[in-house]
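Engineer: A single structure is presented below for examination.
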Amino acid sequence: MFHSSLQQEEPDHPYWGPELIQRAVQKVSSVIIGHEEQVRRAFMSMLAGGHILLEDVPGVGKTMLVRCIASVIGCDFGRIQFTSDLMPGDITGTTVYSPHTGDFDFRPGPVLANHMILADEINRASPRAQSALLELMEERKVTVDGRTYPLRSPFFLLATQNPCEFEGTNRLPEAQMDRFMMRLSLGYPDMEQEVLMLERAQDRELNSLPGPLLAASEITTMQRSVLRVYVDESIKKYLVQIADASRKHQDIRLGISPRGTLAWMRASQASAFMDGRMYVIPDDCLTVAGPVLAHRLQLGFEARSAGVDQHEALQRLIRSIELPRQRTRKGGRM
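Quick note: the sequence shown uses full-length UniProt numbering, first residue 1, plus one each step.
Structure, rendered in structure tokens:
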């Protein structure tokens, strides 16, 4: 790779990271036309070590987005089509008896063989199959027949679901929704973007997957750097104040969990890192608040009856708490 010499830099200070990630965002955005902000958020979530739920109608590029990201990162990619007859062993792996050896051999599933997994139409699987994802999403390991197997590092799960289709689907439980760092939606392109997409579709070279720009090991290096991005005490208190307010709000049945607060801080750190800063500012928190927090809020009956959605409820919470003032930062710009 053109930047291979940069891998010799200290892991704590990969000054090349933000520039390289921006190139990756631009390369993916050249294929996924009109969605650069969502592409940026997807990379942000990965740098923060989080999983992503892509919730949108069919045909807007959810699967292509995942394939492009995997191609740019140059990591092993696997796809699991979630269906009603999918079994947990189809995800994690199974133990099979071998008549030749007389022993039971473990055959690893796709989550153990790849850095990135696309869980396509995740809400079509049974609750039993969906539950197979809980351990691996949180603890980065799977347990099969009493034995534990670690996942590859880094590991990302990107799941898709169609919010407009209810027949033959199972609603994702709160415990699983809470394990997704971000929920993203691409939406339809505008007319100019769709015309550009049609023009590019006639050029096979322009329509092909982008080549690798970085390696999976470099993502791991940048993830370690994100953890070192400084977060001021006032910002930490602000995040907790929002979470606490969500748990006490009359319109909200289920508020932001401590896991959600931590995800918000990690995503804010990733936002700062991608901007070339080793410190978080309040704008970082606001930038990622919607994708990180909205899907964690469960509204009460009265709020839903009044037409309040999760994003509106979140904005009310944010407006109710004063933003911390930007203090003198520890660390600096890369």
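For each residue, glycine too, the CB sits at the ideal point set by N, CA and C.
Have a look at Leu157, Ala125, Ile73, Thr92 and flag the residue whose alpha-carbon is nearest the alpha-carbon of Asp145.
Structural biologist: For the options Leu157, Ala125, Ile73, Thr92, the alpha carbon positioned closest to that of Asp145 is the one of Thr92.
Engineer: Using a Cβ-Cβ cut-off of 9 Å, state whether Pro189 counts as contacting chain C.
Structural biologist: Given the protein chain composition of this structure (a single chain), no chain C is represented.
Engineer: With a CB to CB cut of under 7 Å and the five nearest residues on each side skipped, what residues in its chain are close to His311?
Structural biologist: Gly290, Ala294
Engineer: Can you give the beta carbon distance from Arg140 to Phe156, rounded, assuming they're within the 8 Å contact cut?
Structural biologist: With a Cβ gap of about 11 Å, Arg140 and Phe156 do not count as contacting.
Engineer: What residue from Leu118, Pro212, Asp251, Arg79 has the CA that sits closest to Val25's CA?
Structural biologist: For Val25, the closest of Leu118, Pro212, Asp251, Arg79 by C-alpha to C-alpha distance is Pro212.
Engineer: Considering only residues of the stretch 283-327, which uninterrupted alpha helix (DSSP H) runs meet the minimum length of 4 residues and lie entirely inside it, listed in chain order?
Structural biologist: 301-305, 310-320
Engineer: Quick one: what does DSSP say Met278 is sitting in, helix, strand or coil?
Structural biologist: coil
Engineer: Please classify His115 as buried or exposed, where buried requires at least 16 neighbouring CB atoms within 10 angstroms.
Structural biologist: That one is buried.
Engineer: Among residues of its own chain, excluding the 5 on either side of Arg253, which ones have a beta-carbon nearer than 7 Å to its beta-carbon?
Structural biologist: Gln298, Leu299, Gly300
Engineer: As a quick exercise: from Leu65, Gln269, Ser268, pick the residue whose alpha carbon is nearest that of Ser30.
Structural biologist: Ser30 has its Cα closest to that of Leu65, out of Leu65, Gln269, Ser268.
Engineer: What does the alpha-carbon distance come out to for the pair Glu174 and His51?
Structural biologist: 15 Å
Engineer: From this set, Arg147, Arg296, Asp251, which residue's C-alpha is nearest Leu262's C-alpha?
Structural biologist: Arg296
Engineer: Compare the Cα-Cα distances from Leu172 to each of Gln315, Leu53, Ala303, Val39 and report the closest residue.
Structural biologist: Taking the Cα of Leu172 as reference, the smallest distance to any Cα among Gln315, Leu53, Ala303, Val39 is reached at Leu53.
Engineer: Are the beta-carbon atoms belonging to Glu55 and Pro163 less than 9 Å from one another?
Structural biologist: yes
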